[in-house]
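K.L.:
Residue numbers (the working numbering), protein chains in the order written: chain A, -2 to 504; chain B, -2 to 504. Before I ask anything, here is the structure I am working with.
Okay, structure coming up:
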């Protein structure tokens, strides 16, 4: 039991929570900030692990790995932390397999897959329609998007059924849905899909590894470093690992501000959150993704003129939806791939060996028999990761954004919401995590120390409707109570933190 | 801290959990059964409260209230508990208001609303189509429903948009969705809707108060009695109120069986549930419903020839979607109504007085100025009810049933699943709660005491694929550990129960 007193408690030591803590620390060194994290590590949905490789061992990202030059928030952070990036290798032939297990495997060089004239026409008209709709999306207030209710009442699947003509394109859009969101097109609101694409600057930005797109660069040494460096700056003594917040209670006579950067429905709130916020929290399912890295002695695919990029539709018997070259900056050859959505659900019920064999068989089929001679196969099923429950992002089912989205970023009493799901730029990405964490930090500063904000920042907060009113200047009296740490006989550690706060008024 | 040892721990003292406990107790009096309930009362989403009425005070149901003659499980329980039922009053004129706030309010006598010939034709063709689809639904294994993936990939809204021709019918289907599920047609998988209707015997059975339908009878004295009587039979000393289960840990060397009759995503499981089950648990949002009772000195609506039934579409400015006569068995006049779905979300943000005035204005408009002279207005917002979070039922968004439904009733290790969401008959209703609780109890008996099952019951369990294999006959050694009860300074009581079980094998 600690009797410490804190000004801000950040729930979740992922990129968003730590970005919030970091900005708060930078702006007001006197603020007493505590970051609570359920896992025994920082980084949330980013984790970098060492595995056997050609020259011994090397490090790969088993969670979020890519950044892009238009992702300004993460790019600034990378610069600030003095980390290095390198481009995703994408030169050479790409492989496309859709249309059933026995259909022809196609090979192409352009960024747009080798499509028949009809499918290409279909792709072009659909992309045009979707991008036109993307441009109408008002991310800040989705209800101002023309026809928002109708767009939010259908699944991505329904839109594609109505607007794509060819089965092949429909199957490829399934691959897009799985590789970007970890869910099937049937599980997502079409408006959510549009918002996500709009927040990235368009649909192609989500899918491509070309300049400005989501898969442009990787970070030398891995993305988990971002969180580790941030934790260093915040001060490791202020970051408590193995400390899962299970309840947040707001009481009178406290001004403590929690920043919740953990998109979980498992936290109990007292008093209960407003219905709108609670329904939203309970209705943002996370995707299901398994990521694998296979290391090799030589990058045989490059030698054969392949880029390492494979796209495989769900009608094939291939477990993964997409792979890329993952050769490390040190030159250790590797491929990275994803088993995702319904395929993750199906394949996660099988034995690890069976799954690995199926992945390798597919790699052999698409890239040649050399794929069988791998050094090491390592996979991570994010659904099994405690306090994540899935990857890469929490999505929204139909009928949520238009009814509940106004509460997505709106503080509840003194609780502020971070997490990439609440981002307005590159929502769902690492960059969105940083942006949302910084935005939440500014909201907190507006409450506890508004002189730390620039005039522009204050203006932006008001415009973003993320502050509740004029900044309060009551003396800071804070109390964190009931924080207990228990280690139990079975290998599980839980911490229940009750944050007791002041003068709750839901607005 | 208790060191008691139990054979079965039931999570949730609603109708389902208590039905499970009751059947277990009846079949094997030696079983040590503990029922844990977070609320300070039994009954779950049923609660009966006294409010001022014409002759003083009287009791009304503020949660589930109706039963029907085809709901065999609840009807048998009512008989077994020696409770009395009485029919829902439905004689006289009904009111229908759709098509915008200024449109004509229509009055009709039949069970099918006063529709124009075109809308009637539209209604007939849609009902025919939906009922034909209902008949193809395989409730036991939804994947065997023809075209299951496609039906599950669209929302009810998308189906209606594609298959109904008239705006008026579409609006009425919105009322159906809100009044039956507490959600909008956009928030629900069309396959889920079909399954729900099929489990009730057809779409009209959900909507009607005629014989065999969902709104046929009420229970004298209220529905909460069902749970109270069951708790009595199970033994109140075995029912612990104010005891919310926050975690279920399964460990070696214990044979304790938990029966989870609480459809919440807030329980932490150790080891983690299989991905399929966890995704399902995290993806069954509950509806949002506010129920109100208005008591009167006289049943003025009956005197004027009205039944008390009003249907109001969301295009009107009426907050409620539907009302019925709620005159008590003792003759105290009352009306009952529901504010539901998006309307509940909107109206719950307003002051109670404003909401009450809007309800009464609408009643005045539809039934006459006498509606203004009420004795008492009482409402219950189920979204504010702790450990329920909403009402009447947890629904499924698109893309869940076909991917995850196989795990809906499948035990996880020794954990068995009850709750009306898991029912195969009258899913979502009180009858489904009883049926699912009894089914879970039979599953437990098959494990711990299979001689207590009849041959038919064993056969049914195997057919229902709800048992994992041949019943185990290992000696019963059980352990419930770490059950702590804490009362804290602020008016909140939480209990964390860690259930430690044996030889976990997810199958």
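Virtual Cβ for every residue (Gly too), placed ideally from N, Cα, C.
Give the single residue among B/379, B/331 and B/139 whose Cα lies nearest to the Cα of residue 341 of chain B.
P.N.:
Locating residue 341 of chain B in the second chain gives position 344, where the first residue counts as 1. Checking every option, the nearest Cα to that of residue 341 of chain B belongs to B/379.
K.L.:
I'd like to check one pair, residue 136 of chain B with residue 196 of chain B: are the Cβ atoms closer than 8 Å?
P.N.:
Counting from one through the second chain, the residue named residue 196 of chain B turns up at place 199. Counting from one through the second chain, the residue named residue 136 of chain B turns up at place 139. Yes; because the gap between Cβ atoms is below 8 Å, this pair is in contact.
K.L.:
Please report the residue range of the alpha helix (DSSP H) in which residue 372 of chain A lies.
P.N.:
In the first chain, counting from the first residue as 1, residue 372 of chain A sits at position 375. That residue, residue 372 of chain A, is in no alpha helix (DSSP H); its beta strand (DSSP E) goes 371 to 378.
K.L.:
Determine the closest residue to residue 172 of chain A out of A/67, A/286, A/402 and A/159, with distance taken between C-alpha atoms.
P.N.:
The count along the first chain starts at 1 and reaches residue 172 of chain A at position 175. Among A/67, A/286, A/402 and A/159, the Cα nearest to that of residue 172 of chain A belongs to A/286.
K.L.:
Step through the CB atoms of chain A and report whether any lies within less than 8 Å of the CB of residue 316 of chain B.
P.N.:
Position 319 of the second chain holds residue 316 of chain B. No - not a single Cβ of chain A is within 8 Å of the one on residue 316 of chain B.
K.L.:
Find the nearest neighbour of residue 508 of chain A within the set A/371, A/421 and A/206, judged by alpha-carbon distance.
P.N.:
This structure cannot speak to residue 508 of chain A, because chain A is shown only from -2 to 504.
K.L.:
With a 10 Å radius around its C-beta and 16 neighbouring C-beta atoms as the bar for buried, classify residue 115 of chain B as buried or exposed.
P.N.:
For the purposes of this step, residue 115 of chain B is identified with residue 118 of the second chain, where counting begins at 1. Classification for residue 115 of chain B: exposed.
K.L.:
On the criterion of 16 or more Cβ atoms from any shown chain inside 10 Å, does residue 99 of chain B qualify as buried, or is it exposed?
P.N.:
By one-based count along the second chain, residue 99 of chain B stands at place 102. Classification for residue 99 of chain B: exposed.
K.L.:
Of the choices A/38, A/217, A/383 and A/324, whose alpha-carbon is the least far from that of residue 52 of chain A?
P.N.:
Position 55 of the first chain, counted from the first residue, corresponds to residue 52 of chain A. When only C-alpha atoms are compared, the closest one is A/324.
K.L.:
Counting only the same chain and skipping the five closest in sequence on each side, list residues whose C-beta sits under 6 Å from that of residue 190 of chain B.
P.N.:
For this step, residue 190 of chain B is matched to residue 193 along the second chain. Once the five neighbours on either side are set aside, the close Cβ partners of residue 190 of chain B are 153.
K.L.:
Using only alpha-carbon positions, find the residue among B/105, B/408 and B/6 that is nearest to residue 440 of chain B.
P.N.:
As a position in the second chain, residue 440 of chain B is number 443, starting the count at 1. Comparing Cα positions, the closest option is B/408.
K.L.:
For the beta strand (DSSP E) holding residue 306 of chain A, just list the boundary residues, first then last.
P.N.:
What you label residue 306 of chain A is simply residue 309 of the first chain in a count that begins at 1. 303 to 309 is the span of the beta strand (DSSP E), which, as asked, contains residue 306 of chain A.
K.L.:
Under 7 Å Cβ-Cβ, which residues of chain A neighbour residue 263 of chain B?
P.N.:
Along the second chain, one-based indexing puts residue 263 of chain B at 266. Chain A residues near residue 263 of chain B: 262, 263 and 265.
K.L.:
Looking at the secondary structure, which residues open and close the alpha helix (DSSP H) in which residue 114 of chain B lies?
P.N.:
As a first step, residue 114 of chain B is located in the second chain; it is residue number 117 there, counting from the start. Start and end: 114 to 133.
K.L.:
Let me see if you follow: with CB-CB separation under 8 Å, is residue 149 of chain B close to chain A or not?
P.N.:
Along the second chain, one-based indexing puts residue 149 of chain B at 152. Yes - at least one Cβ of chain A is within 8 Å of the one on residue 149 of chain B.
K.L.:
For residue 393 of chain B, name the three-state secondary structure that DSSP assigns.
P.N.:
Reading the second chain from its first residue, position 396 is the one you call residue 393 of chain B. If DSSP states are grouped into helix, strand and coil, residue 393 of chain B belongs with coil.
K.L.:
Mapping DSSP to helix, strand and coil, what is residue 467 of chain A?
P.N.:
On the first chain, residue 467 of chain A is found 470 positions in, with the first residue counted as 1. Residue confidence for residue 467 of chain A is low, a pLDDT of 31 falling below 50, so the modelled location carries little weight; the figure read from the coordinates is stated next. Correct three-state label for residue 467 of chain A: coil.
K.L.:
Does the CB of residue 463 of chain B have a neighbour CB from chain A at under 8 Å?
P.N.:
The sequence position of residue 463 of chain B within the second chain is 466, counting from 1. A caution first: residue 463 of chain B carries a pLDDT of 42, below 50, which makes its placement in the model too unreliable to give a value.
K.L.:
Could you pull the start and end residues of the alpha helix (DSSP H) that residue 184 of chain B belongs to?
P.N.:
By 1-based counting over the second chain, the position of residue 184 of chain B is 187. First-last for residue 184 of chain B: undefined, no H or E at that position.
K.L.:
Starting from the beta carbon of residue 280 of chain A, find every residue of chain B whose beta carbon is closer than 9 Å, and list them in chain order.
P.N.:
Within the first chain, residue 280 of chain A is the residue found at index 283, counting from 1. Residues of chain B passing the Cβ test: 184, 280, 282 and 394.
K.L.:
Contact criterion: CB-CB distance below 8 Å. Does residue 192 of chain A meet it with respect to chain B?
P.N.:
For the purposes of this step, residue 192 of chain A is identified with residue 195 of the first chain, where counting begins at 1. No, its Cβ sits nowhere closer than 8 Å to a Cβ of chain B.
K.L.:
Can you give me, in chain order, the residues of the region 3 to 37 of chain B that have a beta carbon less than 8 Å from any beta carbon in chain A?
P.N.:
Taking 8 Å as the Cβ-Cβ cut-off against chain A, none of the residues of the region 3 to 37 of chain B qualify.
K.L.:
Assuming residue 415 of chain B and residue 437 of chain B are in contact, meaning their beta carbons sit under 8 Å apart, how far apart are those beta carbons, in whole angstroms?
P.N.:
As a first step, residue 415 of chain B is located in the second chain; it is residue number 418 there, counting from the start. As a first step, residue 437 of chain B is located in the second chain; it is residue number 440 there, counting from the start. Right, their Cβ atoms sit about 4 Å apart.
K.L.:
What did DSSP end up calling residue 47 of chain A once you bin it into helix, strand or coil?
P.N.:
The count along the first chain starts at 1 and reaches residue 47 of chain A at position 50. Reduced to three states, the DSSP call for residue 47 of chain A is strand.
K.L.:
Give the range of the beta strand (DSSP E) segment to which residue 337 of chain B is assigned.
P.N.:
Counted from its first residue, the second chain places residue 337 of chain B at position 340. First-last of the beta strand (DSSP E) with residue 337 of chain B: 331 to 337.
K.L.:
Thinking C-alpha only, which one of A/277, A/265, A/217 and A/315 is nearest residue 419 of chain A?
P.N.:
By 1-based counting over the first chain, the position of residue 419 of chain A is 422. The residue with the shortest Cα to Cα distance from residue 419 of chain A is A/277.
K.L.:
Going by DSSP, which residues form a beta bridge with residue 409 of chain B?
P.N.:
The residue you call residue 409 of chain B lines up with position 412 of the second chain. Residue 409 of chain B pairs with B/412.
K.L.:
Could you check what DSSP says for residue 215 of chain A in three-state terms: helix, strand or coil?
P.N.:
Sequence index remark: in the first chain, residue 215 of chain A carries index 218 (1-based). Here residue 215 of chain A sits in strand by DSSP.
K.L.:
Quick one: using the 10 Å Cβ neighbour count with 16 as the cut-off for buried, is residue 425 of chain A buried or exposed?
P.N.:
Translated into positions along the first chain, residue 425 of chain A becomes position 428. The residue in question, residue 425 of chain A, is buried, as its Cβ has 16 or more Cβ neighbours within 10 Å.
K.L.:
Rounded to whole angstroms, what's the CA-CA distance from residue 248 of chain A to residue 412 of chain A? Just pull it up for me.
P.N.:
Translated into the one-based positions of the first chain, residue 248 of chain A becomes position 251. Translated into the one-based positions of the first chain, residue 412 of chain A becomes position 415. Each residue's alpha carbon lies about 12 Å from the other.
K.L.:
If we ignore side chains and look at the alpha-carbon of each, how far apart do residue 168 of chain B and residue 141 of chain B end up?
P.N.:
Reading the second chain from its first residue, position 171 is the one you call residue 168 of chain B. Reading the second chain from its first residue, position 144 is the one you call residue 141 of chain B. Each residue's Cα considered, the two are about 31 Å apart.
K.L.:
Report the residues of the region 355 to 387 of chain A with a CB closer than 7 Å to any CB of chain B, ordered along the chain.
P.N.:
Going along the region 355 to 387 of chain A in chain order, one finds 380, 381, 383 and 386 with a Cβ nearer than 7 Å to chain B.
K.L.:
When we look at the beta-carbon of residue 483 of chain B and count the other beta-carbons within 10 Å, is it buried (16 or more) or exposed?
P.N.:
Residue 483 of chain B sits at position 486 when you count from the first residue of the second chain. For residue 483 of chain B, the predicted structure reports a pLDDT of 28, less than 50, and the residue's modelled location is therefore unreliable. The matter cannot be settled from this model.
K.L.:
Any Cβ of chain A within less than 8 Å of the Cβ of residue 345 of chain B?
P.N.:
Locating residue 345 of chain B in the second chain gives position 348, where the first residue counts as 1. Answer yes: the Cβ-Cβ gap between residue 345 of chain B and chain A drops below 8 Å somewhere.
K.L.:
Is there a C-beta anywhere in chain A that falls below 8 Å from the one on residue 286 of chain B?
P.N.:
Position 289 of the second chain, counted from the first residue, corresponds to residue 286 of chain B. Not one chain A Cβ lies under 8 Å of residue 286 of chain B.
K.L.:
Check whether the Cβ of residue 168 of chain A lies closer than 8 Å to any Cβ atom in chain B.
P.N.:
Residue mapping note: residue 168 of chain A aligns to position 171 of the first chain, counting from 1. Closer than 8 Å: no.
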